[in-house]
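Colleague:
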Amino acid sequence: MHIYNADGSKAEMCGNAARCVGYLLMSEKGTEYITIELVNKRILECFKVGNKSIKVNMGKPLLKWHEIPLSTECDTLHLPIELEMLKEPVAVNIGNPHIVFFVDSVNEIPLQSLGPKLENHVLFPQKINISIAQVEKSGEIALRVWERGTGITASCGSAACAALVASTLRGYLTAQQTSVNLSGGKLLIEWANNVFMTGDIGFL
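For the sequence shown, the UniProt record's numbering begins at 1 and goes up steadily by one.
(1) Where do the N-terminal and C-terminal ends of the alpha helix (DSSP H) with Pro116 fall, by residue?
(2) Using 8 Å as the threshold, is the segment 103–112 in touch with the segment 59–79, meaning 3 or more CB pairs across them?
(3) Between Ala154 and Ser183, which are expected to be in contact by the criterion C-beta below 8 Å, what is the C-beta distance as a whole number of angstroms?
(4) Unbroken beta strand (DSSP E) runs of length 3 or more, entirely within the segment 129–162: which are they?
(5) Between the segment 22–30 and the segment 45–59, do three or more beta carbon pairs fall short of 8 Å?
(6) Smallest Cα separation from Asn181: which of Arg144, Lys41, Ser9 and Asn96?
(7) Considering Asn5, what are the terminal residues of the alpha helix (DSSP H) in which it resides?
(8) For the alpha helix (DSSP H) that Asn194 lies in, which residues bound it at each end?
And the structure:
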């Protein structure tokens, strides 16, 4: 599967695209399981778990600085970045590179103006996807996303996966499973060695 961003650049991963393509292929073939190979040779397993609900095995998160990749060695749990009210994000590669900032309120962050500055930060030789995460009292995560090559998006599956991994590593969540709420809908994310994403399919 080949994936393109809004600016025409190629993307290594898109979890939501995998769910949609997986659903269409499984419906066409009359099966409840299918694999999708991405351009970076990563294999995604897709499972039909409901009438229009698809679960995707997104693989293992990469957490070492050179796996993100970063331009210089850093602690990936506390990157040395501070921009206005955002500071020390967690870096996670879940097929593509992400950073996750934790805030008290996702709606107070001017992501439209901060997104381009962070995406093109010198620490990220391949640029970066940016998530603003708020861990709620319920244990769910509210998330806003700036996608590399696209800008603000209503939903991003790999960002939701990165947010759960980052929240767990920082100790904000004890259960390695939660719902991630984005403006475009809700995704169930689980981390058990590999990261799994489950969400419903809709037609426009």
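Beta carbons: idealized from backbone N, C-alpha and C, even for Gly. Since the model is a prediction, treat every value here as computed from it, not as a measurement.
Modeller: Answer, in terms of the structure:
(1) Translated into positions along the sequence shown, residue 116 becomes position 116. Run containing Pro116: Leu111 to Glu119, per the alpha helix (DSSP H) assignment.
(2) The segment 103–112 vs the segment 59–79: no contact.
(3) Within the sequence shown, the letter at position 154 stands for residue 154. Within the sequence shown, the letter at position 183 stands for residue 183. About 5 Å separates the beta carbon of Ala154 from that of Ser183, a gap short enough to meet the 8 Å contact definition.
(4) 129–135, 141–147 and 151–153
(5) yes
(6) Counting from 1 along the sequence shown, the entry for residue 181 is found at position 181. Per the Cα distances, Arg144.
(7) Residue numbering aside, residue 5 sits at position 5 when the sequence shown is read from its first letter. That residue, Asn5, is in no alpha helix (DSSP H); it is neither H nor E in DSSP.
(8) Numbered from its first residue, the sequence shown carries residue 194 at position 194. For Asn194, there is no enclosing alpha helix (DSSP H); the enclosing beta strand (DSSP E) has its first and last residue at Asn194 to Asp200.
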